[in-house]
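Undergrad: Going by the UniProt record's numbering, the sequence shown opens with residue 1, and the numbers climb by one from there. We treat Cβ as the ideally placed atom computed from N, Cα and C, and that holds for glycine. Handing you this structure, nothing more for now.
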Amino acid sequence: MGGGVMAEIMRIERNPSPIRAQVLENLRQAIIDRRLVPGQRLIERELIELTGVSRSSVREALRELAAEGLVTVIPNQGTVVTSLGVAEAQQLYQIRSALEGLAGRLFVEHASESDR
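Below, the structure written as structure tokens:
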């Protein structure tokens, strides 16, 4: 994977949202945007170095991505970006957009004035 642009893309900011969620979102977006390409190996050690987070945060994010079907864990070989067809990628993006909209609506409905 290396440094440079990829390191800039993957760097985790220290802000209030959970670090695991940031790692997950950065990896998910990199896969959707094809900065991480189908078949590319995701090496934990490299991801830890690129993101600057703990091994457990990277592992949790990879587990979630595997559950979403974005990566495939191959026993004794590691994790690779899953090959998605165009239709699958579009469906995934539509689902994600719907969930983000729902999250925004729920926040507005349940947030206190100071949260808004």
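Specify whether the region 58-65 and the region 15-30 touch according to this definition: at least 3 beta carbon pairs, one from each stretch, less than 8 Å apart.
TA: Yes, the region 58-65 is in contact with the region 15-30.
Undergrad: By the DSSP assignment, the beta strand (DSSP E) with I74 in it spans what residues?
TA: Run containing I74: V71 to I74, per the beta strand (DSSP E) assignment.
Undergrad: For V80 versus G39, is the C-beta distance shorter than 7 Å?
TA: Cβ atoms of V80 and G39: closer than 7 Å.
Undergrad: Quick one: give me the first and last residue of the alpha helix (DSSP H) that G104 is part of.
TA: That run of the alpha helix (DSSP H) goes V86 to H110.
Undergrad: Between E44 and R55, which are expected to be in contact by the criterion C-beta below 8 Å, what is the C-beta distance as a whole number of angstroms?
TA: Correct: roughly 6 Å between the Cβ atoms.
Undergrad: Quick check on the DSSP output: the beta strand (DSSP E) that includes V37 runs from which residue to which?
TA: Note, V37: premise wrong, no beta strand (DSSP E); not H, not E.
Undergrad: With a CB to CB cut of under 8 Å and the five nearest residues on each side skipped, what residues in its chain are close to A66?
TA: Only T72, V73 and T79 meet the Cβ criterion.
Undergrad: On the DSSP bridge list, what partners appear for V53?
TA: Paired residue(s): none; V53 is not in a bridge.
Undergrad: Along the chain, where does the beta strand (DSSP E) containing T79 start, and where does it finish?
TA: Where T79 is concerned, the enclosing beta strand (DSSP E) stretches over G78 to V81.
Undergrad: Determine the contact status of S57 and I95, defining contact as a CB-CB distance below 7 Å.
TA: Cβ atoms of S57 and I95: not closer than 7 Å.
Undergrad: Pull the bridge partners of residue 118 from the DSSP assignment, please.
TA: Only positions 1 to 116 of the chain appear in this structure, which leaves residue 118 out of reach.
Undergrad: Assuming I32 and Y93 make a contact with CB atoms under 8 Å, what is their CB distance in whole Å?
TA: Contact flag correct, Cβ pair sits at about 7 Å.
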